[in-house]
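All residue numbers for the sequence shown refer to my numbering, where the first residue is 239 and numbers rise by one.
Okay, so here's the structure we're looking at.
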Amino acid sequence: MVDHAVAVSNATCALHIACLALDVGPGDVVWTSPVTFVASANCALYCNAAVDFVDIDPRTFNMSVELLKQKLKKAEAAGNLPSVVIPVHFGGQPCDMASIHALGQRYDFRIIEDASHAIGATYEESPIGRCEYSDIAVFSFHPVKIITTGEGGMTLTSDQMLAERMRRCRTHGFTHNREEMQPRPSDEIWNYQQISLGYNYRMTDIQAALGTSQLTRLDEFISRRNQIAQRYDDELQDLPVRVQQPFSKALSSYHLYPIRLNLGEIGKSQRQVYDAMRNAGILVNLHYIPVYLQPYYEALGFTRGYCPEAESYYREALTIPMYPAMTDDQQTLVIETLRKVLSN
Ligand SMILES: *Cc1c(COP(=O)(O)O)cnc(C)c1O
Numbered sequence: 239m240v241d242h243a244v245a246v247s248n249a250t251c252a253l254h255i256a257c258l259a260l261d262v263g264p265g266d267v268v269w270t271s272p273v274t275f276v277a278s279a280n281c282a283l284y285c286n287a288a289v290d291f292v293d294i295d296p297r298t299f300n301m302s303v304e305l306l307k308q309k310l311k312k313a314e315a316a317g318n319l320p321s322v323v324i325p326v327h328f329g330g331q332p333c334d335m336a337s338i339h340a341l342g343q344r345y346d347f348r349i350i351e352d353a354s355h356a357i358g359a360t361y362e363e364s365p366i367g368r369c370e371y372s373d374i375a376v377f378s379f380h381p382v383k384i385i386t387t388g389e390g391g392m393t394l395t396s397d398q399m400l401a402e403r404m405r406r407c408r409t410h411g412f413t414h415n416r417e418e419m420q421p422r423p424s425d426e427i428w429n430y431q432q433i434s435l436g437y438n439y440r441m442t443d444i445q446a447a448l449g450t451s452q453l454t455r456l457d458e459f460i461s462r463r464n465q466i467a468q469r470y471d472d473e474l475q476d477l478p479v480r481v482q483q484p485f486s487k488a489l490s491s492y493h494l495y496p497i498r499l500n501l502g503e504i505g506k507s508q509r510q511v512y513d514a515m516r517n518a519g520i521l522v523n524l525h526y527i528p529v530y531l532q533p534y535y536e537a538l539g540f541t542r543g544y545c546p547e548a549e550s551y552y553r554e555a556l557t558i559p560m561y562p563a564m565t566d567d568q569q570t571l572v573i574e575t576l577r578k579v580l581s582n
């Protein structure tokens, strides 16, 4: 169990208020993974902080702890350590949180887990969202995610002060807590005061009702997703592809099933494989273009080659269908089509 959960209108808002609660502002640097949805990085820019990226581990596709360590050493020498690091549990695969947390203690940064893909995943047998190794964790309930509220998100924390700050940011900077209010004459009967600048980031009751009902199906969704992943793991073994390697002691929620194509062996380009799959009616996808290669980030000064592992991942990756309602026959079709496309 975690003590506090703040429901909001989407995970982008959740990341924003998480940064605000941790006092991210001008002069701060926030580090995240380049292989993620843009919102993991944009949240720092909303707070007028700078963003930087730590390259991925080519096996787990998550932020590399080794490269994080090296980058921290350099940043310490240069005097520009991050104030917040945002590891992303890519595809639902938990990052090595204990190691990242230990680095946080050593280099004095706070941690926001972008767990948008990872509700239902576990790390060291405890559910992601428990914040044992982070200050705040963020879930997304967008329709494509593991469970949905139409649009929605949530921040979780075991720190009461952070929870109060996030609730204030969610609702216009209002407090109902007498101790936080400025003294006013007793004929001023308002039971709240605005004491900071907040937003309207609330989740509606209608969305929350949908979320509560979805939550009862979480275990069923996660176990079906793991079943599908297990079969992919087994049956793709003899194909020229590499699958995401789980961090030991973790259970993925398998929001996505990304594969890397051994292009040297295949004799087709990534684009040709993508097109061939799509033409055969299999809706493969690509998650994600490294965030800093987006034109907006290039305009901030990031250039090609900045995170070589993320870029080589991006040149080889495809995500193949993964959703709990997929039937065994549908999965057979995916596997057989992939086998055909990769063999001729
Ligand atoms: C979907 C997603 C978000 C944003 O979620 P929304 O609820 O759509 O705002 C943030 N980070 C990651 C990694 C995501 O996949």
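Ideal Cβ placement from N, Cα and C applies to all residues, glycine included.
Given a cut-off of 7 Å on the beta-carbon distance, is the pair residue i and residue j in contact?
i: Pro272; j: Pro528; result: yes
i: Thr557; j: Asn523; result: yes
i: Tyr371; j: Ala336; result: yes
i: Tyr248; j: Glu351; result: In the sequence on display, residue 248 carries Asn and not Tyr. No, Cβ-Cβ distance for Asn248 and Glu351 is not below 7 Å.
i: Ser491; j: Ala359; result: yes
i: Gln432; j: Phe412; result: yes
i: His410; j: Gly391; result: no
i: Leu310; j: Asp293; result: no
i: Asp346; j: Val303; result: no
i: Asp290; j: Val262; result: no
i: Ala340; j: Ala375; result: no
i: Lys506; j: Glu362; result: no
i: Met441; j: Ala256; result: no
i: Glu547; j: Pro296; result: yes
Note down the Cα distance separating residue i from residue j, rounded to an integer number of angstroms.
i: Val497; j: Thr298; result: As written in the sequence, residue 497 is Ile, which differs from the Val given in the question. Going from the Cα of Ile497 to the Cα of Thr298 covers about 11 Å.
i: Arg462; j: Cys251; result: 30 Å
i: Leu400; j: Ile466; result: 38 Å
i: Arg368; j: Gln308; result: 28 Å
i: Thr393; j: Ile349; result: 13 Å
i: Glu536; j: Tyr530; result: 6 Å
i: Pro484; j: Ile338; result: 16 Å
i: Val511; j: Pro325; result: 30 Å
i: Tyr469; j: Glu417; result: First, the residue type needs correcting, since residue 469 is Arg and not Tyr in the sequence shown. Each residue's alpha carbon lies about 56 Å from the other.
i: Gln569; j: Asp472; result: 13 Å
i: Tyr439; j: Ile504; result: 47 Å
i: His327; j: Ser424; result: 50 Å
i: Met404; j: Arg422; result: 25 Å
i: Gly502; j: Asn464; result: 30 Å
i: Val322; j: Val572; result: 40 Å
i: Asp513; j: Gly519; result: 10 Å
i: Ala447; j: Tyr561; result: 22 Å
i: Lys383; j: Ala243; result: 18 Å
i: Ala259; j: Gly539; result: 28 Å
i: Gln445; j: Thr575; result: 38 Å
i: Ala282; j: Thr450; result: 30 Å
i: Arg577; j: Ala313; result: 45 Å
i: Gln532; j: Arg542; result: 10 Å
In this structure, what does DSSP give as the bridge partners for residue i?
i: Asn438; result: Thr409
i: Gln431; result: Thr413
i: Val481; result: Ile497
i: Phe328; result: According to DSSP, Phe328 bridges with nothing at all.
i: Arg462; result: Paired residue(s): none; Arg462 is not in a bridge.
i: Gly391; result: Val246 and Ser378
i: Phe291; result: Thr270
i: Ile504; result: DSSP, once it has assigned bridges, lists no residue as partnering Ile504.
i: Val322; result: Val268 and Arg348
i: Ala488; result: Tyr361
Can you give me the Cβ contacts of residue i inside the same chain, cut-off strictly under 6 Å, excluding the 5 residues immediately before and after it?
i: Tyr284; result: His254
i: Asn500; result: Pro478
i: Ser396; result: Val240, Asp241 and Cys369
i: Asn280; result: none
i: Asp373; result: Arg348 and Ile349
Report all residues from its chain with a CB closer than 8 Å to the CB of residue i; omit the five preceding and five following residues, and keep chain order.
i: Gln452; result: Phe379, Ile385, Thr386 and Thr387
i: Arg553; result: Leu501 and Gln508
i: Thr274; result: Val326, Phe328, Asp352, Tyr526 and Val529
i: Leu580; result: Leu477, Pro478, Val479, Leu499, Ile504, Lys506 and Val511
i: Glu458; result: Pro562
i: Leu456; result: Ile357, Gly358, Ile384 and Ile385
Can you find the residues in the same chain that come closer than 7 Å, C-beta to C-beta, to residue i, ignoring five residues on each side of it along the sequence?
i: His525; result: Leu494, Pro496 and Thr557
i: Ile460; result: Gly358 and Ser491
i: Ser434; result: Arg406 and Gly411
i: His414; result: Asn429 and Tyr430
i: Gln482; result: Thr298, Phe299, Gly329, Gln331 and Pro496
i: Pro559; result: Ile520, Leu521 and Val572
Following the continuous beta strand (DSSP E) through residue i, name the residue where it begins and the one where it ends.
i: Glu362; result: Where Glu362 is concerned, there is no enclosing beta strand (DSSP E), given that its DSSP letter is neither H nor E.
i: Tyr284; result: Here Tyr284 belongs to no beta strand (DSSP E); instead the alpha helix (DSSP H) covers Ala277 to Tyr284.
i: His242; result: His242 to Val246
i: Leu524; result: Looking at the DSSP string, Leu524 is not in any beta strand (DSSP E), and its letter there is neither H nor E.
i: Thr557; result: Ala555 to Ile558
i: Val334; result: Before going on, a small fix: residue 334 reads as Asp here, not Val. Note, Asp334: premise wrong, no beta strand (DSSP E); not H, not E.
Over what stretch of residues does the alpha helix (DSSP H) that includes residue i continue unbroken?
i: Val572; result: Asp566 to Ser581
i: Glu418; result: Where Glu418 is concerned, there is no enclosing alpha helix (DSSP H), given that its DSSP letter is neither H nor E.
i: Ile444; result: Asp443 to Leu453
i: Tyr535; result: Pro533 to Ala537
i: Ala563; result: Taken as a continuous stretch (DSSP letters only), Ala563 belongs to no alpha helix (DSSP H), as it is neither H nor E.
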